[in-house]
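In the numbering used here, the protein residues as written are 28 to 291.
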Ligand code: 5RP
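Structural data, given as structure tokens:
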């Protein structure tokens, strides 16, 4: 049965990753370095119609406290890294921006922290990440490593497999990374579930194809933001993404759902 902490860890993980082994996480943390990102100027206005179709939300504590009603029944993966903005040349040299005590007070199901493998501040972010993993372990809260990629770095399978594996070796319970050609290699080399970020907004059909390819390559799901909330029809888009992740829908089937404005 495992001890109580083990139970808490597994319980929280099972709230994030659904019984089919997959998850649709809705990333809404962008403001922590981008400010009022297009689509998230009034967070709750955008998020409310999407909540029923998300398995999990990923905000910062500021958006959680101020914009998300406390009675929603969705697990929260709290962004706990930050400290630099888009205006800073050392963007992504992040530290801890929320304490474990506050995360517990907010009743979160997971902690998200960005690491910067292969860049100038690699060591700082990896060592701080290991502290977050220790905190998560102590209180039974899973940790999602976000493999941030610097502006000048290549997002290929070799690099993303390296970054994802390092995250898992240090103690991540889940990894968020980018989709790339040969994504199977990234998944094969990483012993914990992987979710993909959507990245910059691309046409809906392309984003659905990317999600489909990631799932076929073994990803557990998506932690997608801009390609959902910046879509011309966000509720339809998240339903289409959901069909890919949970129902094995092909890109064409999912795009049809999007074009019809959703499933119902
Ligand atoms: C940065 C992040 C983002 O804040 C966000 O979660 C990414 O989501 P998307 O790329 O799908 O908009 O993780 O590293």
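Beta carbons are placed, not taken as given, at the ideal position from N, Cα and C, and that holds for glycine.
Check: Contact between the stretch 109 to 122 and the stretch 44 to 60 (3+ Cβ pairs under 8 Å); Outcome: yes
Check: Collapsed DSSP secondary structure at residue 112 in the structure displayed; Outcome: coil
Check: Neighbour-count burial assignment, residue 117, 16 or more Cβ in a 10 Å radius; Outcome: exposed
Check: Proximity test, residue 80 beta-carbon vs the ligand 5RP heavy atom, cut-off 8 Å; Outcome: no
Check: Proximity test, residue 141 beta-carbon vs the ligand 5RP heavy atom, cut-off 8 Å; Outcome: yes
Check: Reference residue 97, options 171, 132, 47, closest by Cα; Outcome: 132
Check: One or two residues paired with residue 138 in a DSSP bridge; Outcome: 105, 170
Check: Proximity winner among 250, 265, 48, relative to residue 231 (alpha-carbon distances); Outcome: 265
Check: Contacts around residue 157, its chain only, beta-carbon distance under 8 Å, and the 5 residues preceding and following it disregarded; Outcome: 197, 198
Check: C-beta atoms of residue 174 and residue 203 nearer than 9 Å; Outcome: yes
Check: DSSP-derived helix/strand/coil call for residue 181; Outcome: coil
Check: Residue 58 - containing alpha helix (DSSP H), residue span; Outcome: 58 to 61
Check: Nearest-angstrom Cβ-Cβ length linking residue 123 and residue 155, presumed shorter than 8 Å; Outcome: 6 Å
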